[in-house]
Every structure is written in C-alpha cells, then in structure tokens.
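Numbering (the numbering used here), first residue to last: -5 to 184.
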C-alpha cells in the first residue's frame, strides 16, 4: 500500500515493528513535492513520532481482526477488558492506551484489535461516549449557546470546551476523535 492511502487507525509493519497511524495529513508546500505528514505510534512501546513520508512510499499493511469487549476497570499498571461473548479478560498496559485512556468509562463497549498471530495490539473506541461533568465554572446569567464556551473537567480528567449553560453533574456526549462536546446526553437520546 502507498503512504498516501494510509488513514487513522491503520497499522503497518516497518522494520519488524507494528506502527499505528494516529493522524495522516496530505501536505503540499509552496515549493517542492507533496508529502504525507503523519503522527505514528509504535504499538508495542507506545512511543509517538511525527514523520514525513513521500506519498508513493510503500508500506506493508497488517491485517487486524476485531473482537467485541467491554472495559471493566484499571489497576495500577493495566486496563482490564472482557470479551462480551466468552467472558475472557484481557490486560493492556496503561502506557499503550494513553490517548484512549481519557475516554475509558466503566462498562463502555470497545473493539479489541488483534493481529493475524493473535497478538492484542490495542482498542477501537466508539465514536462517542457518555461522560459526567466533574468540575466547571458556574452558569453565567444571560449566556447564549452561541458563546465561546468554557472548559469542563469530565470524570476521567478530560477537559472539554462546553457551552456556558452546562453545569456540574450533567451527563454529556463527547466525541472520541477530537474530545469535543456533542450535546447533553438526555437531549440526544430522546
């Protein structure tokens, strides 16, 4: 596969290491050739690097299979997931899921990602999650929904910009791609 075809979440093999694409951006500088600017993560070490590749550069894509699972809890070093069909439990070291950790709420459904050899290499989050506002500034009288918003700290520590009318204790829908506010949980589910 050519580098220009790589998208977020794809995994490829590079020098014997499994590399996951976190972000892929097609960049055309004023002078010179088009390049692909990417944020890549070494699946095993968790190390993230910014890399520039030529669009025609070839990479070996890794086949990934998905298994439905539920996030249970975390201990000091790992996140624990359970296969919803077999009830088998899987541990993933915390350092391998640093980006996903801020969205992990107990009982959230995820997809575990496995290589063809059966090696667990990560998770896919749902597109949105339901979270509770732990801390935010009080409502400002006369604030409109079109205002600039205010920061709110969710129960996982994630900081989200929310409209001024949001209060502590409210359940919100948060997008997992950018960590952005989508709406109140009660207003979306109706």
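Quick reminder that beta carbons are idealized off the backbone N, C-alpha and C, glycines included.
What does the alpha-carbon distance come out to for the pair residue i and residue j?
i	j	result
residue 45	residue 103	32 angstroms
residue 98	residue 133	27 angstroms
residue 89	residue 171	19 angstroms
residue 21	residue 81	45 angstroms
residue 101	residue 14	25 angstroms
residue 160	residue 128	11 angstroms
residue 153	residue 145	6 angstroms
residue 106	residue 164	29 angstroms
residue 174	residue 155	7 angstroms
residue -3	residue 34	12 angstroms
residue 148	residue 25	44 angstroms
residue 48	residue 28	7 angstroms
Classify residue i: buried if its beta carbon has 16 or more other beta carbons within 10 angstroms, exposed otherwise.
i	result
residue 200	This structure gives no information on residue 200, because the portion of the chain shown stretches from -5 to 184.
residue 9	exposed
residue 41	exposed
residue 130	buried
residue 65	buried
residue 158	buried
residue 11	exposed
residue 183	Annotation note: pLDDT 46 at residue 183 (below 50); position unreliable, coordinate value reported separately. By the 10 Å Cβ count, residue 183 comes out exposed.
residue 63	buried
Could you name the residues that DSSP lists as bridge partners for residue i?
i	result
residue 157	The partner list for residue 157 (beta bridge, DSSP) is empty, contrary to what the question assumes.
residue 30	20, 47
For residue i, tell me which candidate among the options has the shortest Cα-Cα distance.
i	options	result
residue 17	23, 43, 10	43
residue 87	73, 94, 78, 93	73
residue 167	157, 156, 179, 173	179
residue 119	23, 110, 93	93
residue 69	48, 123, 95, 53	95
residue 116	124, 143, 84	84
residue 122	176, 110, 108	176
residue 125	114, 142, 108, 150	150
Taking 8 angstroms as the CB-CB limit, is residue i close to chain B?
i	result
residue 164	Although the question refers to chain B, the structure presented lacks it and comprises just one protein chain.
Report yes or no: do three or more beta-carbon pairs, one from the region -1 to 7 and one from the region 49 to 60, lie closer than 8 angstroms?
-> Short answer: they touch.
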